[in-house]
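Novice:
Protein chains: 4
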Amino acid sequence: MKILSAAPALRLGFVGGGAASGIGPTHWHASRFDGNFSLVAGAFSADAQRNRAAAEAYGLAPERVYDSFEQMALTESGRADGIEAVSVMLPNNQHAAATRAFLAQGIDVICEKPLATSLDEALDLETFHAAHPCVLVLTHNYSGFPMVREARDQIAAGAIGELRVIQVEHAVSSGVAAPGRNATSGWRGDPAIVGSSAVLADIGVHAHHLMRFITGLEVRQVAAELATLSPGRVSDDNAHVMLRMDRNVRGLLWASFVAAGIRQGLQIRVFGSTGSLAWHQEDPDRLLIQPQHAAHYVLRRGESWTGAAAQAGTRLKAGQLEGQIEAFANIYSDAAELIRARRTGRSPAASARLCPTLSDGVAGLRFIDGCVRSQATHGAWVEL
Amino acid sequence: MKILSAAPALRLGFVGGGAASGIGPTHWHASRFDGNFSLVAGAFSADAQRNRAAAEAYGLAPERVYDSFEQMALTESGRADGIEAVSVMLPNNQHAAATRAFLAQGIDVICEKPLATSLDEALDLETFHAAHPCVLVLTHNYSGFPMVREARDQIAAGAIGELRVIQVEHAVSSGVAAPGRNATSGWRGDPAIVGSSAVLADIGVHAHHLMRFITGLEVRQVAAELATLSPGRVSDDNAHVMLRMDRNVRGLLWASFVAAGIRQGLQIRVFGSTGSLAWHQEDPDRLLIQPQHAAHYVLRRGESWTGAAAQAGTRLKAGQLEGQIEAFANIYSDAAELIRARRTGRSPAASARLCPTLSDGVAGLRFIDGCVRSQATHGAWVEL
Amino acid sequence: MKILSAAPALRLGFVGGGAASGIGPTHWHASRFDGNFSLVAGAFSADAQRNRAAAEAYGLAPERVYDSFEQMALTESGRADGIEAVSVMLPNNQHAAATRAFLAQGIDVICEKPLATSLDEALDLETFHAAHPCVLVLTHNYSGFPMVREARDQIAAGAIGELRVIQVEHAVSSGVAAPGRNATSGWRGDPAIVGSSAVLADIGVHAHHLMRFITGLEVRQVAAELATLSPGRVSDDNAHVMLRMDRNVRGLLWASFVAAGIRQGLQIRVFGSTGSLAWHQEDPDRLLIQPQHAAHYVLRRGESWTGAAAQAGTRLKAGQLEGQIEAFANIYSDAAELIRARRTGRSPAASARLCPTLSDGVAGLRFIDGCVRSQATHGAWVEL
Amino acid sequence: MKILSAAPALRLGFVGGGAASGIGPTHWHASRFDGNFSLVAGAFSADAQRNRAAAEAYGLAPERVYDSFEQMALTESGRADGIEAVSVMLPNNQHAAATRAFLAQGIDVICEKPLATSLDEALDLETFHAAHPCVLVLTHNYSGFPMVREARDQIAAGAIGELRVIQVEHAVSSGVAAPGRNATSGWRGDPAIVGSSAVLADIGVHAHHLMRFITGLEVRQVAAELATLSPGRVSDDNAHVMLRMDRNVRGLLWASFVAAGIRQGLQIRVFGSTGSLAWHQEDPDRLLIQPQHAAHYVLRRGESWTGAAAQAGTRLKAGQLEGQIEAFANIYSDAAELIRARRTGRSPAASARLCPTLSDGVAGLRFIDGCVRSQATHGAWVEL
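In structure tokens:
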């Protein structure tokens, strides 16, 4: 079980993530959940009124509210009580720039996915980071679920044998039009902001990361079809991708904005030589293991027979559900451990090293890049 | 959707609920979840070392840590920045005494269930409270789940017609002995501490409250069997109760410590003249409605077609799970609203009035009392 | 896996069970499913037109269709190619009489439950049967499900340890009134035909038998409430029964006609000292085992790791569902084995001895009798 | 509800399908289930002993058992009481030849899928059939499930709006090697017998047919990867196919022999502009409908609010499960109706026209052919 942090809370800033957004309160809840972070500064919006409203909702002192992330990075880094870390929740095309601004000031960064809007931009950021080696956590938050971590441990321990096939999907209905209207999706559907594939940038990278996280395998080749299925939409809203992975493993990945009726349909099934496993984000406390030659069984968060990684991310006994915010809080806990370790020059705890970072972000953009190249060449297989 | 509290956090104390207990961290998470409370004082344990350890884990100032709740009530009420509310998490036989101590000082109380260890003690407390009318919230936390509140609204709106039968149970396995050992259960199994029925005092009252909360009906007669099924156990560990309720409704209630394999098996099914509904604590975001003459359907937390009460208690969109802590946080939010309303002399918001209070605690003890009397008279029906 | 019968089909008659009834076609399908019986004669209805229609639908020769079961028993027993067995599907109050008529002629009987309408009538039939020891199978058909048989084997093998508590229910909605109408239920609600408790006679005995079948325990004491909850109904429609069983096991049994929205809600959960199991009739191919100290697992019909009894009753591989008719066919297969064994003077196969017979019918009536006596004495515990 | 057939049973022969095979008894049960067919002749095996054993198990007269299907077709067509229909259950490469032999004699054919082993062979058979227009039913048996037919009706009625995306899979574990052994799969893995893709010929065509049946859409383009993932295997065992269908609908199809732990994982999800639906073969009595803007609901076989097609294929009330054999029996019922209609020169009932026939078989081979061509061209999109 998780022990409350004895260390003082780290001082945190928000860039984007106002109180009226969906994402801001989630980060707020998650960051403070276990007492690891305390929000003290922010540049929530270019709109002055929204910026002020967010500051009030979060209870910030007026002098810690900024008009821009550039100003915030400079001013906070000059304060004795300045922020130690920042959470970046801007539209995708500002992720890299904001991240650089804080890294440049020695402030650790927790950045929303995707890391960037193109592979080149991601690789540039990787180079920049090498010169400014602060912590850079990427919020592939679903990897914070204890039973996702258990899935990883089970596969590593051979519970389903040698891997053969992966079926992974992240299907949502955010792109389904309301009755009598065309689909609109704000900046998330604007190629100028999200890059060459809206659906992969927004949710496809979650599926991609989940698969890599659980199996430890990299995607080597893809054949993809990116389609726009909703009338009136400018960016893609459905991606089908065939995968060739390390060790001759095959996979299918589906990412969609048009899965009407589905809210957060992220799920993965992995098939090995002696069994399979399945995890679904909408029932996150359970991991189903399906041996070929024995009864199927269910591992539940909070039981003593789950592994160390799952237990490190759990607070309640089995039977008392933990949800999305708790999983997200695990990412923040890992981030806190990485930040404290860096700042004190020690090695971080093993469990915190599961946390998604810059290299996962680069892999995500490499994946998008491959899919877009495949799409451009009549669906042919391309190397990543 | 829930809006973050704009009001400053209320100053909170803990009585019991150390960081090494199961219950302390849950209250800690729940109380601060939405920014409504801030833990600033505590009397966690009679054991000085544990007391200190808890204070450190929660990050309290040393001068706000007390050896006893009596001392805490007196000292805190004398401080300008003294606690405004206290959470009582002591063994059952100290609930009433601790509650009185704080009520007497004008400090609002959030008390763990059961309210007392006997009906007489509960009625005395009711009298005392009439003279010291602070807020007294009882943590029947399961009523904080949005879909429990939705169930209440659905029934009130006639979704299943006139009520006929209720099946409710709270079955756990905390009393199942480890291999090769007899069952032990610490103070929760000690009649001197929990009163005349351990299993009803600990979990039966949750089932009882859930049923009353959802249906709005009171239990009028019971016929009960309280049994001790685990070898070596001194208190009861299994209760079967037949119920006669208002409006000729019948019910069965099962409360058990010996439901091996089950962790937190609280569930309710209500059958009416035109349909039925079902809710299970281990899958809390869903409410199943089963019409007699149409397709069965599932209501989910976070959808726009749920009612106002459910929406007031929800933070995330459907598909992103909320769990036990979020539900508990709803009770704390309600408590905060009741406390702020009392302290400013205004009427509390309607949603907060769903919160379980002293009268629910008295009803719980009345129910236990009836079951014990039935048991003493060969299972005959007794009036409550 | 089940092997098709190599033996010639037994000649079968129907008493009741016309083609327009629900029950007739089910028996017809089940009896011929594995090639064990061939329907050749019948007395389907006192109504001549219905009788003829049934005969035509089933393709019977006109000379094998009778006006009454008495005539049928006499005539068929005199034919060289007369029926070897009969299925009795009359209203409850004719079960015993029809059974006697065929037993008296040396014709084996497969009788619908309940065996009789009172304990006295059942005991008289038991005496009569001792003098006319043909096969008398009682169609507690749910015990034909392979995973019910597996549950029995699992408990016998100690999979959940020493038994503690049973929760069993058979809840249906046949007594729920259509909109704007009072509940009516034909002869199934007529005390003159069904005996002292309509709801126990019709479905309560299924729950009672299922529990005894799976656990091997007898009910020794009951405290019951039989209620009439639907307006305008004359017989009871809801039964709550507290149970004391062999070996200090406790139980609750719920039987109801007013479970709106539920179609065939027969389910059982058994809790032991080291785990529990659960089976639900609407998902019959699965048996859930819930150990206290290990992961929960699911046993499925058709897998090689199920026991001999389950495998003897299965035809298809796991993953290809078998349903109600296949389970019922297992009862008919058992009956065929008992009949062939009796007729050839050999011992029947072990698996066929699981089949419910007269003694189960007597136990069922004893149970009803006890519940009615408890009801008559203010719900007090009574001995069976 | 289904009415028992009043017509005399049609005389049926089996080619292949011995009693020791998995498939023979299933066809036997299904063909006789509703009284539509009676098995009277067979050529079960080239092995004389197996042939005899099957004949005995099925209770055939010795003179109706043949050494070859050619001999059987000739002899039976010359008998006054000769078979009216034949069920072909041979290895794939004999399907077309056996079908021709019986069509040539005016005997109606019920053939196992796939229709042939190549598109050319299928097209030749189509030509031959035009000259010998007997009934030719193809046993895509899953389309016999009532809730599959309901899904078709729901989509046609607009329950989920305009179609956008289909996810369909048929994943089994028949190709998963036993511990310590390489995968072997008998003739089902032999390209000489099954054609160019073992996995598509065996199960991929089921997924393909199910999708077409439910949506009424044809596949127009595919991009496929056929892989051999089990060590030591000669044919493919996993197929990933991206689909472009009529009306701009996109899809993914997965067919696999290496889905360890999965027994008969045939499932389909269809996403439209206003909702989605899901059906899973291992839970066949339910159809889940997921509107975008209202509560999700479950349609169950046997309820009065299901459509005519579903009701025509149902025998039992909701809550009493029907399984695989009942679904297969619906295909045989349809076949009987088509045969009787042809033989009497009348139009068959509408419901029977849902039955899969030759044109579905041709479409299946066209699909396989396209996938194999895509595979041969580096996964590029190919026209069907």
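Protein chains in written order, with this note's numbering: chain A, 1190 to 1573; chain B, 1190 to 1573; chain C, 1190 to 1573; chain D, 1190 to 1573. For glycine and all other residues, C-beta sits at the position ideal for the given N, C-alpha and C.
1) Can you confirm whether the segment 1456-1472 of chain B touches the segment 1354-1361 of chain B when touching is taken to mean that 3 or more C-beta pairs between the two stretches lie within less than 8 Å?
2) Ordered along the chain, which non-local residues of its own chain (more than five positions away) have a Cβ less than 8 Å from that of V1175 (chain A)?
3) Inspect the beta-carbon positions of L1441 (chain A) and S1332 (chain A) and report whether they are closer than 8 Å.
4) Helix, strand or coil, according to DSSP, for P1480 (chain B) in the structure here?
5) Just to confirm my understanding: we take V1361 (chain C), look at its own chain, exclude 5 residues before and 5 after, and list those with CB closer than 8 Å. What are they?
6) Have a look at S1307 (chain B) and T1316 (chain B) and give me their C-alpha separation to the nearest angstrom.
7) For A1387 (chain C), which of helix, strand or coil comes out of DSSP?
8) What residues are listed by DSSP as bridge partners for G1205 (chain B)?
9) Does P1197 (chain A) pass the burial test, meaning 16 or more other C-beta atoms within 10 Å, or should it be called exposed?
10) DSSP puts H1429 (chain C) in a beta bridge; with which residues?
11) Counting contacts by CB-CB distance shorter than 8 Å, is V1337 (chain B) in contact with chain D?
12) Determine whether the Cβ of V1487 (chain B) lies closer than 8 Å to any Cβ atom of chain D.
13) For W1468 (chain B), which three-state DSSP category applies?
14) Any beta carbon of chain B sitting closer than 8 Å to that of S1386 (chain C)?
15) Could you name the residues of chain B that W1468 (chain D) contacts, counting a contact when the two beta carbons are closer than 8 Å?
16) Relative to chain A, which residues along the segment 1219-1242 of chain B have a C-beta separation below 9 Å, given in chain order?
17) Report yes if the CB atom of H1429 (chain C) is closer than 8 Å to the CB atom of E1407 (chain C), and no otherwise.
18) For the alpha helix (DSSP H) containing L1325 (chain D), list its first residue and its last residue.
19) 8 Å is my cut-off, CB to CB: does R1452 (chain C) come that close to chain D?
20) Do we get a CB-CB distance below 8 Å when we pair A1246 (chain D) with the residues of chain F?
21) Is there a C-beta anywhere in chain A that falls below 8 Å from the one on A1396 (chain B)?
22) In terms of residue numbering, what span does the alpha helix (DSSP H) encompassing R1489 (chain C) cover?
23) Put S1257 (chain C) into one of helix, strand or coil per three-state DSSP.
24) Based on the DSSP output, what are the partners of D1297 (chain D) in its beta bridges?
25) So V1551 (chain C) packs on G1559 (chain C), CB below 8 Å; how close in whole Å?
26) In the DSSP output, what is Q1356 (chain A) paired with across the bridge?
27) Who are R1475 (chain A)'s beta bridge partners in DSSP?
28) Looking only at its own chain, which residues have a Cβ that is under 6 Å from the Cβ of G1378 (chain B), when we skip the five neighbours before and after it?
29) Rounding to the nearest angstrom, what Cα-Cα distance links S1234 (chain A) and P1280 (chain B) in this structure?
30) Is there a C-beta anywhere in chain C that falls below 8 Å from the one on A1484 (chain A)?
31) For a contact meaning CB atoms closer than 9 Å, what does W1494 (chain A) contact in chain C?
32) Could you give the residue range of the beta strand (DSSP E) that holds L1228 (chain B)?
33) Check whether the Cβ of L1406 (chain C) sits closer than 7 Å to any heavy atom of the ligand ATP, and report yes or no.
34) How big is the Cα-Cα spacing for R1221 (chain D) and A1390 (chain C)?
35) Any idea what DSSP makes of R1452 (chain A), helix, strand or coil?
36) Residue range of the alpha helix (DSSP H) that D1523 (chain D) falls in?
Specialist: In brief:
1) yes
2) Since the first and last residues shown for chain A are 1190 and 1573, residue 1175 (chain A) lies out of range.
3) In the first sequence, counting from the first residue as 1, residue 1441 (chain A) sits at position 252. In the first sequence, counting from the first residue as 1, residue 1332 (chain A) sits at position 143. Result no, Cβ atoms of L1441 (chain A) and S1332 (chain A) do not sit closer than 8 Å.
4) To locate residue 1480 (chain B), count along the second sequence from 1; it is residue 291. Strand.
5) Taking the first residue of the third sequence as 1, we reach residue 1361 (chain C) at position 172. I1392, S1445, F1446, A1448, I1451, R1452, Q1453 and G1454, listed in sequence order.
6) Residue 1307 (chain B) sits at position 118 when you count from the first residue of the second sequence. Residue 1316 (chain B) sits at position 127 when you count from the first residue of the second sequence. If I take the Cα positions, the gap works out to 15 Å.
7) Position 198 of the third sequence, counted from the start, is the residue given in the question as residue 1387 (chain C). It is helical.
8) Translated into the one-based positions of the second sequence, residue 1205 (chain B) becomes position 16. Its beta-bridge partners are B:M1278.
9) As a working note, residue 1197 (chain A) is residue 8 in the first sequence. Classification of P1197 (chain A): exposed, given that the 10 Å Cβ count is below 16.
10) As a first step, residue 1429 (chain C) is located in the third sequence; it is residue number 240 there, counting from the start. The partner list for H1429 (chain C) (beta bridge, DSSP) reads C:E1414 and C:W1443.
11) For this step, residue 1337 (chain B) is matched to residue 148 along the second sequence. Chain D contact via Cβ: absent.
12) Along the second sequence, read from residue 1 onward, the residue named residue 1487 (chain B) stands at position 298. It does; some Cβ of chain D falls within 8 Å.
13) Within the second sequence, numbered from 1, the residue matching residue 1468 (chain B) stands at position 279. If DSSP states are grouped into helix, strand and coil, W1468 (chain B) belongs with the strands.
14) Sequence index remark: in the third sequence, residue 1386 (chain C) carries index 197 (1-based). Not one chain B Cβ lies under 8 Å of S1386 (chain C).
15) Translated into the one-based positions of the fourth sequence, residue 1468 (chain D) becomes position 279. The premise fails here: W1468 (chain D) is roughly 15 Å from chain B at the closest Cβ pair, so nothing lies under 8 Å.
16) R1221, F1222, D1223 and G1224
17) Translated into the one-based positions of the third sequence, residue 1429 (chain C) becomes position 240. Translated into the one-based positions of the third sequence, residue 1407 (chain C) becomes position 218. No, these two residues do not count as a Cβ contact at 8 Å.
18) Here residue 1325 (chain D) corresponds to residue number 136 of the fourth sequence, with the count starting at 1. Looking at the DSSP string, L1325 (chain D) is not in any alpha helix (DSSP H); the run it does join, the beta strand (DSSP E), is L1325 to L1327.
19) Here the question's residue 1452 (chain C) lines up with position 263 in the third sequence. With 8 Å as the cut-off, R1452 (chain C) counts as an interface residue toward chain D.
20) No chain F appears in this structure, whose protein chains are A, B, C and D.
21) Taking the second sequence and counting its residues from 1, one reaches residue 1396 (chain B) at position 207. No - not a single Cβ of chain A is within 8 Å of the one on A1396 (chain B).
22) Numbered from its first residue, the third sequence carries residue 1489 (chain C) at position 300. It is not in any alpha helix (DSSP H) - R1489 (chain C) instead sits in the beta strand (DSSP E) that spans H1485 to R1489.
23) For the purposes of this step, residue 1257 (chain C) is identified with residue 68 of the third sequence, where counting begins at 1. Note: S1257 (chain C) maps to coil in three-state DSSP.
24) As a position in the fourth sequence, residue 1297 (chain D) is number 108, starting the count at 1. Its beta-bridge partners are D:A1274.
25) Within the third sequence, residue 1551 (chain C) is the residue found at index 362, counting from 1. Within the third sequence, residue 1559 (chain C) is the residue found at index 370, counting from 1. Not quite, the Cβ-Cβ distance comes to about 13 Å (not below 8 Å), so this is no contact.
26) Residue numbering aside, residue 1356 (chain A) sits at position 167 when the first sequence is read from its first letter. Beta-bridge pairing links Q1356 (chain A) to A:L1441 and A:R1458.
27) To locate residue 1475 (chain A), count along the first sequence from 1; it is residue 286. Per DSSP, A:R1489.
28) Taking the second sequence and counting its residues from 1, the one referred to as residue 1378 (chain B) is at position 189. Counting only Cβ-Cβ distances below 6 Å, and skipping sequence neighbours, we find A1387 and S1424.
29) Translated into the one-based positions of the first sequence, residue 1234 (chain A) becomes position 45. Translated into the one-based positions of the second sequence, residue 1280 (chain B) becomes position 91. Those two C-alpha atoms are separated by around 49 Å.
30) Walking along the first sequence from the start, residue 1484 (chain A) turns up at place 295. A1484 (chain A) counts as touching chain C.
31) On the first sequence, position 305 is the one that residue 1494 (chain A) refers to. In chain order: H1482, A1483 and A1484.
32) Residue numbering aside, residue 1228 (chain B) sits at position 39 when the second sequence is read from its first letter. Here the beta strand (DSSP E) through L1228 (chain B) covers F1226 to A1232.
33) Inclusion of the ligand ATP in the displayed structure is not the case, the ligand content being empty and no account of it being possible.
34) Within the fourth sequence, numbered from 1, the residue matching residue 1221 (chain D) stands at position 32. Within the third sequence, numbered from 1, the residue matching residue 1390 (chain C) stands at position 201. Straight-line Cα distance between these residues: approximately 34 Å.
35) Counted from its first residue, the first sequence places residue 1452 (chain A) at position 263. Of the three classes helix, strand and coil, the one that applies to R1452 (chain A) here is coil, per DSSP.
36) In the fourth sequence, residue 1523 (chain D) corresponds to position 334, counting from 1. Q1513 to T1533 is the span of the alpha helix (DSSP H), which, as asked, contains D1523 (chain D).
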